[in-house]
Amino acid sequence: MDQTIHLKINGKEHELNIPTHRLLVDCLRYDLGLTGTKEGCSVGVCGACTVLLNGKMVASCLTLAVSADGAEVTTIEGLAEGGRLHPLQQAFIDYGGFQCGICTPGQIMAAKALLDENPDPSEDEIKEWMMGNLCRCTGYYKILESIVKAVEAMKGSRP
Amino acid sequence: MITGFQYHTPRSLEEAFALLRDYGDDAHIIAGGTALVILMKQRLVQPTHLVSLSKIPGLDSIATGDERVHIGAMCTHRMVETSPILKEVVPLLSETYYHVATPRIRNMATVGGGLAHADPNLDPPPSFIALGARVVLRNPSGERTLLAEEFFLDYYETAIQPGEILTEVIVPRVPSNSGTCFIKFLPRTADDYATVSVAILLTLSDQDSSMCQDVRISLGSVGPMPIRARGAEAILRGRPITPELMRQASEAVEAEVEPLDDFRGSARYKTQMAQVFTRRALEQALRQAQDGLQERY
Numbered sequence: 010m011d012q013t014i015h016l017k018i019n020g021k022e023h024e025l026n027i028p029t030h031r032l033l034v035d036c037l038r039y040d041l042g043l044t045g046t047k048e049g050c051s052v053g054v055c056g057a058c059t060v061l062l063n064g065k066m067v068a069s070c071l072t073l074a075v076s077a078d079g080a081e082v083t084t085i086e087g088l089a090e091g092g093r094l095h096p097l098q099q100a101f102i103d104y105g106g107f108q109c110g111i112c113t114p115g116q117i118m119a120a121k122a123l124l125d126e127n128p129d130p131s132e133d134e135i136k137e138w139m140m141g142n143l144c145r146c147t148g149y150y151k152i153l154e155s156i157v158k159a160v161e162a163m164k165g166s167r168p
Numbered sequence: 002m003i004t005g006f007q008y009h010t011p012r013s014l015e016e017a018f019a020l021l022r023d024y025g026d027d028a029h030i031i032a033g034g035t036a037l038v039i040l041m042k043q044r045l046v047q048p049t050h051l052v053s054l055s056k057i058p059g060l061d062s063i064a065t066g067d068e069r070v071h072i073g074a075m076c077t078h079r080m081v082e083t084s085p086i087l088k089e090v091v092p093l094l095s096e097t098y099y100h101v102a103t104p105r106i107r108n109m110a111t112v113g114g115g116l117a118h119a120d121p122n123l124d125p126p127p128s129f130i131a132l133g134a135r136v137v138l139r140n141p142s143g144e145r146t147l148l149a150e151e152f153f154l155d156y157y158e159t160a161i162q163p164g165e166i167l168t169e170v171i172v173p174r175v176p177s178n179s180g181t182c183f184i185k186f187l188p189r190t191a192d193d194y195a196t197v198s199v200a201i202l203l204t205l206s207d208q209d210s211s212m213c214q215d216v217r218i219s220l221g222s223v224g225p226m227p228i229r230a231r232g233a234e235a236i237l238r239g240r241p242i243t244p245e246l247m248r249q250a251s252e253a254v255e256a257e258v259e260p261l262d263d264f265r266g267s268a269r270y271k272t273q274m275a276q277v278f279t280r281r282a283l284e285q286a287l288r289q290a291q292d293g294l295q296e297r298y
């Protein structure tokens with residue numbers, strides 16, 4: 010059964026006719042070609058599929074796309090502005106926050122959700138928040154460092 | 002991999018009741034979806050009609066009265082965790098929800114969905130039982146309320162009747178002279194289901210602060226549903242609390258739990274851990290109750 014839904018993805022309106030059982034992660038990747046969002050565990054544990062739904066981070070592998078009808082979705086593709094990477098993206102590059110990269114979009118979107126809520130988190134708060142984003146190669150210190158540096162960079166750029 | 006279904010977004014409870022009546026067993030209610038979507042992916046549940054509660058106004062409010070707190074079924078875990086008023090009047094709940102899974106899941110999973118899912122490994126049910134919370138079930142002609150401990154019937158089974166909708170949970174305010182505690186044993190990872198969890202509400206006597214006036218003890222992950230450890234409670238109630246009495250009460254939970262062997266531990270191990278964690282939770286609840294009394298005087 011198909012249904013028509015409206016999503017505002019990274020600022021752009023989309024009208025989509027999709028099967029009701031389409032998951033948001035599949036809708037983003039296969040219907041819209043936004044393959045930055047990855048699917049890992051498919052049961053909401055690993056964090057690879059993290060996107061922001063009306064500003065709050067969710068597991069897109071457990072979200073029915075029809076349930077997001079009318080919502081604003083932000084994916085990793087929506088972070089860079091005017092060709093400039095988001096400070097989190099830049100910090101992950103500068104401080105080695107990834108190796109193979111599959112968890113990275115989810116890591117960065119989760120970190121974005123944290124900084125939107127709490128622009129100056131302590132290291133403990135970052136660790137606590139990020140515990141649901143698994144990385145199987147880098148280990149977590151580089152990820153933590155990247156977020157800490159992004160926080161510093163963002164503080165520096167605020168008036 | 003998920004089989005096809007029609008997706009309904011009723012705008013009122015009345016509309017939702019009509020859909021449940023029209024589609025009967027073919028319909029399934031969906032709230033946050035964190036549990037149901039997995040069951041659908043596994044094809045353990047294959048509804049042909051999904052009835053979402055997300056567009057029904059008023060189901061996600063938190064309201065406090067003089068004696069009780071009302072928590073709407075569609076409140077997310079994170080709303081409970083971060084609500085300033087709940088932190089103040091029932092900190093046990095904020096604390097419990099804060100320890101569920103990860104922030105991402107807590108943004109999605111709802112209070113009512115978690116209860117209706119009735120997985121005995123979930124964290125909130127023992128805390129609701131310890132607090133003496135009641136679950137409100139609405140139907141087209143009215144509503145009924147059940148104590149949380151009467152609501153859970155078996156693995157993934159609740160007292161919800163066909164056509165009923167869980168709309169809110171009513172939690173009594175914590176009495177004065179009380180301490181509360183929720184702890185869970187997580188030997189694997191921080192976002193795992195517990196090997197055993199314990200929630201306690203311990204109230205000391207007004208006249209004699211060493212006396213246990215009342216206590217409610219509930220355990221999760223050690224049986225087909227969250228368990229109220231009445232035998233352990235009876236050992237403490239009305240008696241002066243001593244370390245020895247707390248030890249005896251903790252040992253008594255052995256007779257009340259019925260855990261399964263699984264990869265989180267053998268039944269025997271879980272039974273022992275249930276005793277250990279009941280004792281620790283009692284000690285913490287007692288300390289909190291005594292600290293509260295000291296602050297007052």
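One line per chain: the protein sequences are A and B, in this order. For what it's worth, the working numbering labels the leading residue of the first sequence as 10, then goes sequentially. For what it's worth, the working numbering labels the leading residue of the second sequence as 2, then goes sequentially. Note that CB positions come from ideal geometry on N, CA and C, so glycine has one too. For clarity, every value in this text was computed on a predicted model and none was experimentally measured.
Worksheet item: Which residues in chain A sit within 7 Å of B/V38, going by Cβ to Cβ distance?
Response: L71, L73
Fill in: Proximal residues of chain A, C-beta to C-beta of B/T35 below 7 Å
G53, L71
Worksheet item: In whole angstroms, what separates the C-alpha of B/G5 from that of B/T243?
Response: 59 Å
Item to complete: Go to B/I242, then tell me how far its beta strand (DSSP E) extends in each direction, as first and last residue.
Response: Element bounds for B/I242: n/a, residue is neither H nor E.
Discussion item. Between A/A68 and chain B, is the shortest Cβ-Cβ distance under 8 Å, so that the two count as touching?
Written reply: yes
Worksheet item: Below 8 Å between beta carbons: does that hold for B/S128 and B/F183?
Response: yes
Item to complete: Keeping to the same chain, check which residues put their C-beta closer than 6 Å to that of A/T59; ignore five residues upstream and five downstream.
Response: M66, G115, M118, A119
Worksheet entry | Any C-beta of chain B under 8 Å from that of A/Q12 | yes
Worksheet item: If we count Cβ pairs, one from each stretch, closer than 8 Å, do we get three or more for the region 47 to 61 of chain B versus the region 22 to 30 of chain B?
Response: yes
Fill in: Neighbour list for A/M140 in chain B, Cβ cutoff strictly below 9 Å
T103, P104, T190, A191, D192
Practice prompt. Using only alpha-carbon positions, find the residue among B/P225, B/G224, B/I218, B/R240 that is nearest to B/G232.
Written response: B/I218
Worksheet entry | Chain-order list of residues whose beta-carbon lies under 7 Å from that of B/A160 (same chain, five-residue window excluded) | L147, E151, F152, L154
Worksheet item: Is the region 136 to 155 of chain A touching the region 92 to 112 of chain A in the sense that three or more CB pairs, one from each, lie closer than 8 Å?
Response: yes
Worksheet item: Can a CB atom of chain B be found closer than 8 Å to the CB of A/H15?
Response: no
Worksheet item: Considering B/Y8, what are the terminal residues of the beta strand (DSSP E) in which it resides?
Response: 7 to 9
Fill in: Rounded C-alpha distance that separates B/G114 from A/S166
42 Å
Worksheet item: Helix, strand or coil: how does DSSP classify B/G266 here?
Response: strand
Discussion item. Taking 6 Å as the limit between beta carbons, can you name the residues of its chain near B/T97, skipping five residues before and five after?
Written reply: D124, P125, S128, F183
Worksheet item: Can you list the alpha helix (DSSP H) stretches of 4 or more residues lying completely in the region 78 to 113 of chain B, in chain order?
Response: 78 to 83, 85 to 90, 92 to 99, 104 to 109
Discussion item. If we require 4 or more residues per run, which alpha helix (DSSP H) segments fall completely within the region 126 to 206 of chain B?
Written reply: 149 to 152
Practice prompt. Note down, in chain order, each residue of its chain lying with its Cβ closer than 6 Å to the Cβ of B/D61, except the 5 sequence neighbours on either side.
Written response: G73, M75, C76
Discussion item. Closest to B/S84 by C-alpha separation, out of B/I63, B/R69, B/H100, B/E68, would be which residue?
Written reply: B/I63
Discussion item. For B/S53, list the residues DSSP reports as bridge partners.
Written reply: B/I31
Worksheet entry | Residues bridged to A/N19 [DSSP beta-bridge criterion] | Beta-bridge pairing links A/N19 to no other residue.
Practice prompt. Would you give the residue range spanned by the alpha helix (DSSP H) that B/M41 belongs to?
Written response: 37 to 42
Fill in: Buried or exposed by the 16-neighbour rule on C-beta atoms within 10 Å, applied to B/Q214
buried
Discussion item. Residues of chain A with CB closer than 7 Å to the CB of B/N108, please, in chain order.
Written reply: K65, M66, V67
Practice prompt. Tell me, please, whether the CB atom of B/S206 is closer than 8 Å to any CB atom in chain A?
Written response: no
Worksheet item: Any beta-carbon of chain A closer than 8 Å to the one on B/S198?
Response: no
Discussion item. Counting only C-beta atoms, is B/F6 closer than 8 Å to chain D at any point?
Written reply: Looking at the structure shown, chain D is missing, and the protein chains on hand are A and B.
Item to complete: Below 8 Å between beta carbons is the criterion; list the residues of the region 22 to 55 of chain A that meet it against any residue of chain B, in chain order.
Response: P28, T29, H30, L32, S51, V52, G53, V54
Worksheet item: At what residues does the beta strand (DSSP E) containing B/M226 begin and finish?
Response: Premise fails: B/M226 is in no beta strand (DSSP E) and is neither H nor E.
Worksheet item: Do we get a CB-CB distance below 8 Å when we pair A/S76 with the residues of chain B?
Response: yes
Worksheet item: How many whole angstroms separate the CB atoms of B/V38 and A/L73, which I take to be in contact at a CB cut-off of 8 Å?
Response: 7 Å
Practice prompt. For B/S95, go through chain A and note every residue whose CB falls closer than 8 Å to its CB, in chain order.
Written response: What B/S95 touches in chain A: nothing, since even the nearest Cβ is about 15 Å away.
Item to complete: Just the chain B side, please: which residues come within less than 8 Å of A/T83 by C-beta, in chain order?
Response: Chain B residues near A/T83: none, gap ~14 Å exceeds 8 Å.
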